[in-house]
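The sequence shown stops at residue 2193 when you use the numbering used here, and every number in between is there. The beta-carbon is built from N, C-alpha and C at its ideal position, and this holds for glycine as well. Only a predicted model underlies this, so the values are computations on that prediction, with no experimental measurement involved.
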Amino acid sequence: MERLVGQSLGRYRIISLLGEGGMGAVFKARDVTLQRDVAIKIMHPHLSSQPSFRERFLQEARTAARLDHPGIVQVYDFGQEQGFLFIVMKFIRGANLRQMLQDLKAQGKWIPLDEAILIVRYVAEAMDYTHRHGVLHRDLKPSNIMIEPEPAEGLPYRPVLTDLGLARLMEGQHITRAGTSLGTPTYMSPEQALGQETDARSDIYSLGVILYELATGRPPFPIRTITEAIRYHTKETPKPPSEIRPDIPPRLEQVILKALSKNPSQRWQSAGAMAQALAALASEVSETASPTAVATSVSLLTQYQQSLKAPRGPSVLREFTTPVGPGDTVQARLPDGTAVEAKFTGQSMTLGRADDNDLTLKSSNVSRYHARIEFDGQHYQVVDLDSTNGTYIGDAKLLPGVPEIWAPDQPLRVGDVWLRLVRATAQPSMPAGRPGLTAAGRTAFDPNLVRSNAGEARIGVVMEETQLTVAPGERTVVSLVLLNQGATVDHFSVSVEGIPEEWTELPPVVQLMPGEQREVTLVLHPPRSPNSRAGRYTVTIKVSSRDAPSEFVEVRAVLTITPYSAFRSQIHPQKIKAGQSTQVTVYNEGNFPETYTVKGSDRANEVVFEPPMAHVKVPQGKAGSVALRAKPVKRALIGRTRSLPFTITVEPTQGSPQQHAGELVSRALIPTWVPPLAIGLLMVLCALLALLMTRPPVVEMAEVIPPNPVAGEPVTIRWRVTNARRVELRPFGIEVDPAQGEYTFPEGFDETTTLSLVAANTFRTTRESLTIQITTPEVVPVINEFTVFPTEITLGQEVTIRWSVSNAESVKLQPFGNVDPSGDRKDSPVQTQTYTLIAINQGQSVEKAERVVVSTPSPDAPQVVNFSVEPATVVEGINTTVLLSWETKQADTVTIEPGLGTVGLAGSREVPAPTSDTVYTLVARGPGGEVTAQVQVYVEPQRCLAATDGLRLREGPGTVYAPPIRSLAAGTELRPIAYSSV
């Protein structure tokens, strides 16, 4: 179908053949109406002639045209012209994924693992979109995936799907042409290989095959025929990817093998679910990806940049100016935009970087003696002189030493320098397929390309090439033909929108006579800096009339800024200790996000790094860092500090690596000065040990509690001893704690006794004598407490008598007789009464008396029938309330103080327990006078009592006392500062 080049289908002029397959061929074409390049796929005539095929084609084309997703190639148009069925799509420059993978494999390289995951993730998202719109691909493979230089999340480019749903057009056809199949055997699903009904899960299987290949460097099965496809896809189990590439994360392997399940129900049930699983994996491998087991990692963007070089050939011819002077001329355009030329005067001309060539080409990618041009009188021939970067005529690479004919309409590429041949006998040729209109003093162009403004249409502009490519730091020349289509002299100016102003060199204002035209050049030169971000820019070139500013013409073009790699790096600190990390910082001075490989090494293999290799992604103009921890392979047990040199290498995906020297300080586990010091310390320790072992025990404290007990009173011995292994109380033979403690004789002693505290260690003994002096108890009785309350009452009221006596043989309370040593009693005297407490011990007595005055009220006076409190005695910290009860008669008002004030004539009420002894007074008032009654609440501290034995307290949980005590006598009152439930 190559004969279609140069012809037109409707408004589409076919420029060049891009590729051909079983269903048809894909061409690059020019939409002369919208002035843009497009890709047009033309079906083979034997298919287009079938009515059923035409009907399905138009149906599938309509469906594809309705899809709108950045990951799917956009369909502009479709139709039938001159017996050909065609579909018009967006033109994406460069090679497809299959071509780029083949080129990488030929170079011994492969794409990074994280990049492979992102590619399949974006393709899966695009497939999920098409599936939700009812469209299946049915022929998903790397050759149907293009690379568009539009950054996507995590990638400096975007994968784009093509040929969506076209495989379905072959259903029901008798396929006899070579290369035509319902899908591609390597990538088809089991159900597709068996000719069964397919659904979205069939495309998911194909995605799994692509992901397997991108991760391991090869497809899961070595399939060449449809028979092998049926066997492998339906019966054979693929080898786990980790057996081919051990560094593949287990979760990624699970995603791949799930997509490759023979049973569709066991695969991912939607492409969206598979995309989500891959998105979750991206961060797992992006920052610290291990070294690839497949090949050297190179970003696909590098290969894409290489694929852009070939399509530039035809368009570069229009960037040359007309040669000066007569004779055949060879013109060259260097990468920086500089033009050089040489007249061909002999039979041959040499090209190269060396100064002694006939035409010197100053470029690092040109060999010193790169190629030779020969002329036999009729034809020019080019011979490659075994150059490093090759010589190309058009897209064809020349074999070294084999001459090839070079025609004037063919571009010649020497390294990265483009050349044109201009024959003196003819005008410079236009590219094939562009019929030019040439007149004296005019530039040849296709009249269909003239763009005019609305209204007077006084401005005409021709811009043949709207797809522009330039590398940062280099220049591209845009050729414009300006036409004055008005009736008067006019001046035209050119401006550019869509890119920074400093990227452009505008032509001067052009004066044109009516009907005159002139070619001007616009130079685009983005600087070599991260600000010149790689990608595509929509550029608007505006030609305006100076004399009529409202008159202008706009021509839109697409400028592709190619990527370049540049970076600088550093490590800090350069000198580290074993186990420490050095921080490697990479500054991306290129114009696209790039992944850098960071690894450590040393010549003697005495240093290991963790991780051994790391990848760090850095956006353009930004910095990224990664830490490498270094440690010696083996540390010496005893020795001096060693200095181990190492090298940190930072390697970009393209270009030269950078290296940094570092130093690892490795100290021996035991420095050389440690053994002598340890021996000296051991000797000192032995001396101290000997001194300690021969020291006698020291009794720091030994005491008797109480110091002068009475006969039968418990006695406690307390001690604190150091440097003793054994302590004994003699003559009783009681062995006690050798450090500190106490021991109690609960029965006490009847007479003065001397005992010895004997402390002993291995070599020495110390003795401390303790004398227990028994004292005679006092015989005089003691009245500790005797109270009568109240001492003034009204007839019928009660009094409370409380007493406490110690050291007494008998106690009497008159007028009642003998009573206990302590207690309380109530009485209601009918007249004034004196109460006497008498304590007697061994013939000695002590007494104390209290008098109670009893008054008789008048018959009409208020009466207090009852006034009481319960309990009458409260324990501090235990009782929280007391209950006051009262009953009166013949009273108008009753008050109770403190705390209650005026109350009813009878009643009861709880009040907070007092914190000290408190008297509550009731006053009843009436016509017959006033009567007073009192009750008292006694507040007691908590008591620790024992009937006969002393009370011993232990340290630990329980009541905390201040100051801390260890033992006390029976009946001792203690005031706690804190309480516990224990």
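Three-way DSSP call (helix, strand, coil) for residue i in this model
i            : result
residue 1477 : helix
residue 2190 : Only weak support is given to the placement of residue 2190: the predicted model assigns it a pLDDT of 41, under 50, and the value that follows is read from those uncertain coordinates. In this structure, residue 2190 counts as coil in the three-state DSSP scheme.
residue 1985 : coil
residue 1871 : strand
residue 1595 : strand
residue 1950 : coil
residue 1398 : helix
residue 1499 : At residue 1499, the pLDDT of 41 sits below 50, so the modelled position is not reliable; the number obtained from the coordinates is stated separately. It is coil, neither helix nor strand.
residue 1489 : helix
residue 1346 : coil
residue 1263 : helix
residue 2024 : strand
residue 1787 : strand
residue 1268 : helix
C-alpha gap between residue i and residue j, whole angstroms
i            : j            : result
residue 1698 : residue 1727 : 11 angstroms
residue 1690 : residue 1567 : 33 angstroms
residue 1765 : residue 1426 : 47 angstroms
residue 1754 : residue 1712 : 16 angstroms
residue 1794 : residue 1784 : 7 angstroms
residue 1220 : residue 1290 : 10 angstroms
residue 2107 : residue 2133 : 5 angstroms
residue 1867 : residue 1778 : 10 angstroms
residue 1904 : residue 1916 : 32 angstroms
residue 1593 : residue 1619 : 12 angstroms
residue 1555 : residue 1624 : 18 angstroms
residue 2030 : residue 2054 : 18 angstroms
residue 1275 : residue 1411 : 16 angstroms
residue 1853 : residue 1337 : 58 angstroms
residue 1590 : residue 1575 : 30 angstroms
residue 1462 : residue 1550 : 55 angstroms
Beta-carbon spacing of residue i, residue j below 8 angstroms
i            : j            : result
residue 2008 : residue 2117 : no
residue 1773 : residue 1735 : no
residue 1861 : residue 1780 : yes
residue 1807 : residue 1818 : no
residue 1939 : residue 1929 : no
residue 2050 : residue 2140 : no
residue 1833 : residue 1799 : yes
residue 2060 : residue 2047 : yes
residue 1941 : residue 1966 : yes
residue 1260 : residue 1309 : no
residue 1405 : residue 1434 : no
Start and end residues, beta strand (DSSP E) containing residue i
i            : result
residue 1414 : Segment 1411–1427 is the alpha helix (DSSP H) holding residue 1414; no beta strand (DSSP E) there.
residue 1443 : Counting along the chain, residue 1443 falls outside any beta strand (DSSP E), though it belongs to the alpha helix (DSSP H) covering 1437–1446.
residue 1300 : 1295–1301
residue 2031 : From DSSP, residue 2031 is part of no beta strand (DSSP E); its letter is neither H nor E.
residue 1890 : Not the beta strand (DSSP E): residue 1890 falls in the alpha helix (DSSP H), residues 1885–1905.
residue 1470 : Taken as a continuous stretch (DSSP letters only), residue 1470 belongs to no beta strand (DSSP E), being part of the alpha helix (DSSP H) at 1461–1470.
residue 1574 : Per DSSP, residue 1574 belongs to no beta strand (DSSP E) and is neither H nor E.
residue 1685 : Careful: residue 1685 lies outside any beta strand (DSSP E) and carries neither H nor E.
residue 1792 : 1792–1799
residue 2046 : 2044–2052
residue 1856 : 1853–1862
Status (buried if at least 16 other CB within 10 Å, exposed otherwise) for residue i
i            : result
residue 2070 : exposed
residue 1788 : exposed
residue 1776 : buried
residue 1880 : exposed
residue 1252 : buried
residue 1332 : buried
residue 2089 : exposed
residue 1621 : buried
residue 1838 : exposed
Residue i, enclosing alpha helix (DSSP H) - first and last residue
i            : result
residue 1331 : 1324–1343
residue 1533 : Run containing residue 1533: none; DSSP gives neither H nor E here.
residue 1314 : 1308–1317
residue 1453 : 1452–1455
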